[in-house]
Every structure is written in structure tokens, then in C-alpha cells.
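Heads up: the sequence shown is residues 20 to 104, going by the working numbering.
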Amino acid sequence: MALTENTTPKEILNTALKRSQTISIITSIDESILTGKIVLLDRNRLVLSLLDYKNIEIEHKQSVSLETILCIDVVSVENYLYDKY
20 MALTENTTPK EILNTALKRS QTISIITSID ESILTGKIVL LDRNRLVLSL
70 LDYKNIEIEH KQSVSLETIL CIDVVSVENY LYDKY
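See below:
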């Protein structure tokens with residue numbers, strides 16, 4: 020899917036789910052950054068299988084209301100390494 024100015028957050032999340040991509044989101048609840056793969060996505064919520072990159076392990080699953088998402092970033096090896104340097 021090519022991103023355009025008309026691409027909705029729901030379309031981005033659906034594509035990430037279909038491609039089993041890792042995403043990072045920031046929520047308005049506490050502005051924490053959650054990183055993981057989408058396990059479940061419905062009209063109002065998504066469930067992330069959270070990843071801990073420091074220990075390279077899956078921590079747990081967390082449910083997030085779609086209305087609270089402020090930012091979505093699709094994580095790739097390239098942008099993860101870029102952020103670290």
C-alpha cells in the first residue's frame with residue numbers, strides 16, 4: 020500500500036496487521052511508546068504483542084483504544100538502527 024495524504028490510520032494498521040509488521044504507537048493516555056506486532060484489530064481497539072528490544076523478547080499483550088493513538092510508526096531494521104545512531 021502506498022501512503023498518501025488521504026491514507027487513514029485504520030488503513031495503516033490494517034496493512035501492518037496483514038504484513039505482520041512491527042509498529043510503534045504513542046497513546047494520549049500516558050504518552051508512552053508501545054512497540055510490537057498487532058495481534059487483533061477491530062473497529063475500536065487493537066491488541067499489540069509487545070516487544071522488548073533491549074532484551075529481545077516478547078513481554079505481553081496490551082489492548083489499546085484506537086481513539087487514544089497519537090502516532091504510528093512502522094518499525095524496520097533500517098529505521099530502528101538509524102534511531103540508535
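Beta carbons are placed, not taken as given, at the ideal position from N, Cα and C, and that holds for glycine.
Quick caveat: nothing in here was measured; it's all calculated off a predicted structure.
Residue i - DSSP class collapsed to helix/strand/coil
i: isoleucine 45; result: strand
Residues that residue i bridges to, as DSSP identifies them
i: isoleucine 57; result: Leu67
i: serine 84; result: Arg64
Segment limits, alpha helix (DSSP H) that includes residue i
i: leucine 89; result: Where leucine 89 is concerned, there is no enclosing alpha helix (DSSP H), although the beta strand (DSSP E) it sits in stretches over 88 to 94.
i: leucine 32; result: 28 to 37
C-beta contact flag for residue i and residue j at 8 Å
i: isoleucine 42; j: isoleucine 91; result: yes
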